[in-house]
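Those protein sequence lines, which keep their order, are chains A and B.
Under the numbering used here, the very last position in the first sequence is 1541; numbers go up by exactly one each time.
Under the numbering used here, the very last position in the second sequence is 458; numbers go up by exactly one each time.
By construction, the Cβ of each residue, glycine as well, lies at the ideal position given by its N, Cα and C atoms.
Computed from a predicted structure; not experimentally measured.
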Amino acid sequence: MNKFFISGSPHIQGEESTKKIMYGVVIAMIPTMLFSIYFFGVDAIRVFLIAIVASLFFEWIIQKYLIKGALTINDGSALVTAILLALNLPSNLPTWMIIIGALVAIGMAKMSFGGLGKNVFNPALVARVFLLVSFPVEMTSWPKPSPITEGLADVVTGPTPLGIVKEGLGANKTMSELAPEIPSYTQGLMGDMGGSMGEVSAIALILGGVYMMWKKIITWHIPVSMLLTVAIFSGIFWGVDPEHYADPVFHMLTGGMLLGAIFMATDMVSSPMTKSGQLVYGFGIGLLTILIRMWGAYPEGVSFAILIMNAVVPLINRGFKPKRFGVNPGVALNK
Amino acid sequence: MGILRTFALGGIHPAENKLSSNAPIETLPVPKQAIVPLGQNLGAPSKPIVKKGDEVKVGQLIAEAGGFISTNIHSPVSGKVLKIDNAIDGSGYKRPCIIINTTEDEWADGIDTSKDIVSEITLESKEIIEKIKNAGIVGLGGATFPTYVKLMPPTGKIAEYLIINGVECEPYLTADHRMMLEMGQEIIIGIRILMKALNVKKAFIGIENNKPDAISHLNELLKGSDDIEVQPLKVQYPQGGEKQLIKASVNREVPSGKLPIEVGCVVQNVGTAFAVYEAVQKNKPLIERVVTVTGKAVKKPSNFMVRIGTQISELIDAAEGLPEDTGKIIGGGPMMGKAITSLEIPVVKGTSGILLMKKDESSRNVEGPCIRCSKCTYVCPMGLEPFLLSKAAKLGNYEMAENEAIMDCIECGSCQYGCPSAIPLLDYLRLGKLKVGQILRNRNNK
């Protein structure tokens, strides 16, 4: 007698897989990686390699000896975390600090919650903030970009544009006095300014975002609502008092705004499940970012804003449900 | 062509694989033995009225309705009742069946077996419904809900539109497609009969635009009349779902937990319309149907007109045999069909297709952890959250499952199809629905 498989429907499976999604994100990050290597040179390659090797190693060893489950380093998620972590670091960060960052990201933020899919917070951001509060000096002396094509030069460090503005405004300077010190829009678009490896080039980040939307890895909801919120709030203050508040385009192009909006806030695991929830989540991140940037102690607020909103996600998931079929259907004929 | 109509929420577009769409319907020889299960409709099984040794003719009543939601069953062959015994049917379980050994092909009196088309509808609404009831007609799209019940709206509810389901959104299946091409005239008369029975003035035939030949053929036949309108629909699964089709056709939403009549609609399948034509105009009860036999390894993907009770092995033989590489047999389409355990099971009223899957297509992918990508939520045509419902069912939190509207699930499988972690979401959802259904019944009985 013939033996046949028996299972419940459906009997066909779509093309999607976790692996494809994760490697799709990796592909989307390639332009940003290339730009960072162009601007920060060999040091950038070092940061990427260390972050990747360390993250994969921690993922492997924890999965094997602590969780004792099937091997997961091939699913691509640790690679995504590793690259995101690297993109959040200054290119001159000492190697041992990068390794600690990888341990915090993979070990503390991801595996201790149970591994892929279980983490509440974005692992790479947890690591960034951990490093920022542990090593404030190393994490805030940002190398100035020096394109590889212009030959090897000594690394010059300096504050980020956001840092310049924060400090300047704090010292009662006006925006027009600070103007010569901050990068032009073109420099911001290309990435020719101080900052972490991944946050400098707007063009590369947007390219990656468009790719992910085309591949349906992310939807527009989180980035657009986050950026729109930032634009509106910073726009209001700038409109009222342009001498004491930076303009919206400056806010968009500097710091981790685009990196956060495109790659960090859209992390599937730690963002809301419905599109309406995602709009709220993006709004929250945008608002918190601006609050921190304008009145907080740190010049940059994207990472804190995302982590705070990560914690709110379970609540958002409860409050924002998808539109159900046949609930409030409008006119019904036979009452 | 402009923007095609479709339903609003969710939906997926799996590979269509309509391998047999160009294969004309072939009538298979009468089987040597017919195995006729007593449970062929949604609702109560039928009660046999013949016994071992009785001589029966084709179309003779052999089992009658066992309740309000139940149907008559007629003999698909002429011969001698061998026994009434348990045999494995499409469910995989042994269920009572009437087994008839065929002798000749002698039809019961009064059945018009000619091919002449009778277009004049002489009967009144009540008589039509009675005839449809007596002929044992059920929804032939696969749900097998007794047709006559749908034609009798509860008092106070009025049908405004008849919507004919020619969507055939399941991949692979082509039975409805071929019927629309080859039996268009009969189907249209069947639709007018149903309209008369329901006293509605307007009918729509929803057809996905991957069947342009069917759309233009029916439009040709309907030239000059405006009571029936063909609606080309954008290809999207599960458009053949009753609620989705109503949304696509007339932009009305059946309220949660209610029937289509709530929004003035009655939906019938094209195959059902054909069966209605035969029953009302030709006195022919439902004893045969069109079945697609298909699959990537099948030598001759086909559409067969077969008698109910024919074993599927005979259909597979007619499609030039069971491929060596067959790993799974599905009764119906790949999205909602049921895996079949044996080649001996009979074709029943609800069998729309036999799909033979190759071995490498047969097993599921390895399940991974939920990465909370929310794709299941995006594709759910009912606006549910399958990840949440499956988890609630898995953890036995049926109260949550009920509150999150698990009973709205139409089991279309879109969530599981699109899950990148290959989580068997629908398995858990079915379990949840079963349990919540029990809880609801217990509550209502108190």
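According to DSSP, residues forming a beta bridge with residue i
i: Arg301 (chain B); result: B:Val318
i: Cys277 (chain B); result: B:Tyr173
i: Ile342 (chain B); result: B:Ala351, B:Leu367
i: Val2 (chain B); result: Chain B is shown only over 13 to 458; residue 2 (chain B) falls outside these bounds and no answer can be derived.
i: Glu76 (chain B); result: B:Lys59
i: His86 (chain B); result: B:Leu73
i: Lys214 (chain B); result: B:Tyr173
i: Val68 (chain B); result: B:Gly91
Closer than 8 Å at the beta carbon, the chain B residues around residue i
i: Gly1321 (chain A); result: Pro381
i: Ile1598 (chain A); result: Residue numbering for chain A in the displayed model covers 1207 to 1541; residue 1598 (chain A) lies beyond these limits and cannot be assessed.
Chain-order list of residues whose beta-carbon lies under 8 Å from that of residue i (same chain, five-residue window excluded)
i: Ala35 (chain B); result: Thr186, Arg190, Lys312, Pro313, Ser314, Asn315
i: Lys1541 (chain A); result: The predicted position of Lys1541 (chain A) is uncertain, since its pLDDT is 42 and thus under 50; no value can be drawn from it.
i: Asn456 (chain B); result: none
i: Val1332 (chain A); result: Val1310, Ala1311, Met1314, Ala1315, Leu1513
i: Leu16 (chain B); result: Asn221, Pro244, Leu245, Lys246
i: Arg264 (chain B); result: Ile258, Val275, Gly276, Cys277
Where residue i meets chain B, residues with beta-carbon distance less than 9 Å
i: Phe1245 (chain A); result: What Phe1245 (chain A) touches in chain B: nothing, since even the nearest Cβ is about 32 Å away.
Buried or exposed (CB count within 10 angstroms, at least 16 for buried), residue i
i: Asn211 (chain B); result: exposed
i: Asp124 (chain B); result: exposed
i: Asp420 (chain B); result: buried
i: Glu1383 (chain A); result: exposed
i: Gly430 (chain B); result: buried
i: Leu1272 (chain A); result: exposed
i: Tyr184 (chain B); result: buried
i: Leu1291 (chain A); result: buried
i: Met13 (chain B); result: With a pLDDT of 46 at Met13 (chain B), under the threshold of 50, the modelled position of this residue cannot be trusted, and the question is left open.
i: Lys30 (chain B); result: buried
i: Val1416 (chain A); result: exposed
i: Trp1444 (chain A); result: buried
i: Val70 (chain B); result: buried
i: Trp1420 (chain A); result: exposed
Beta carbon proximity, residue i to chain E, threshold 8 Å
i: Pro1429 (chain A); result: Annotation note: the requested chain E is absent from the structure, which comprises protein chains A and B.
Neighbouring residues, chain B, relative to residue i (Cβ below 7 Å)
i: Val1475 (chain A); result: Ile383, Arg384
i: Thr1224 (chain A); result: Gly380, Ile383, Pro432, Ser433
Proximal residues of chain A, C-beta to C-beta of residue i below 8 Å
i: Gly339 (chain B); result: Phe1210, Phe1211
i: Asn377 (chain B); result: Gln1219, Ser1223
i: Glu397 (chain B); result: Met1479, Thr1480, Lys1527, Pro1528
i: Gly349 (chain B); result: Ser1215, His1217
i: Tyr429 (chain B); result: Pro1216, Ile1218, Gln1219, Gly1220
i: Pro26 (chain B); result: Ile1218, Gly1220
i: Met394 (chain B); result: Arg1530, Phe1531, Gly1532
i: Gly449 (chain B); result: Near Gly449 (chain B) there are no residues of chain A at all, since even the closest Cβ is about 17 Å away, more than 8 Å.
Within chain A, the residues that residue i reaches when beta carbons sit closer than 7 Å
i: Asp439 (chain B); result: Gly1214
i: Met192 (chain B); result: Per Cβ cutoff of 7 Å: no residues; Met192 (chain B) is ~24 Å from chain A at best.
i: Ala417 (chain B); result: Arg1530
i: Pro250 (chain B); result: What Pro250 (chain B) touches in chain A: nothing, since even the nearest Cβ is about 10 Å away.
Spatial neighbours of residue i in its chain, beta-carbon cut-off 7 Å, leaving aside the 5 residues before and after
i: Val1286 (chain A); result: Met1228, Val1231, Val1232
i: Val279 (chain B); result: Ile175, Asn177, Glu254, Leu257, Ile258, Pro272
i: Cys382 (chain B); result: Phe399, Ser433, Ile435
i: Ala413 (chain B); result: Leu401, Ala404, Ala405, Gly444, Val448
i: Ser374 (chain B); result: Gly339, Lys340
i: Phe1264 (chain A); result: Ala1308, Leu1309, Ile1312, Gly1313
i: Asn267 (chain B); result: The sequence given here places Pro at residue 267 (chain B); Asn does not occur at that position. So the list reads Glu274, once near-sequence residues are dropped.
Beta-carbon neighbours of residue i, restricted to chain A and to distances below 9 Å
i: Lys255 (chain B); result: Phe1531, Gly1532
i: Leu21 (chain B); result: Pro1528, Lys1529, Arg1530, Phe1531
i: Pro183 (chain B); result: Ile1218
i: Asp420 (chain B); result: Arg1530, Phe1531, Gly1532, Val1533
i: Thr389 (chain B); result: Met1479, Thr1480, Lys1481, Pro1528
Residues near residue i in its chain [Cβ-Cβ closer than 6 Å; skip 5 each side]
i: Gly154 (chain B); result: Gly344, Gly362, Ser364
i: Gly1491 (chain A); result: Gly is not the amino acid found at residue 1491 (chain A); the sequence shown has Ile there. These residues qualify, in order along the chain: Met1432, Ala1471, Ala1511, Ile1512, Met1515.
i: Ile1409 (chain A); result: Leu1395
i: Ser325 (chain B); result: Leu355
**Report entry** Short-range partners of chain A found in the segment 351 to 375 of chain B, where Cβ spacing is below 8 Å
**Finding:** Those residues of the segment 351 to 375 of chain B that come within reach of chain A (Cβ to Cβ, closer than 8 Å) are Ala351, Ile352, Thr353, Ser354, Leu355, Leu367, Met369, Glu373, Ser374, Ser375.
**Report entry** Contacting positions in the segment 1473 to 1497 of chain A - beta carbon closer than 7 Å to chain B
**Finding:** For the segment 1473 to 1497 of chain A, which is checked against every Cβ of chain B, the residues closer than 7 Å are Met1474, Val1475, Met1479, Thr1480.
Query raised in the report: Name the residues in the segment 314 to 347 of chain B whose C-beta lies less than 9 Å from a C-beta of chain A; which are they?
Result: Going along the segment 314 to 347 of chain B in chain order, one finds Leu334, Thr338, Gly339, Lys340, Ile341, Ile342, Gly344, Gly345, Pro346, Met347 with a Cβ nearer than 9 Å to chain A.
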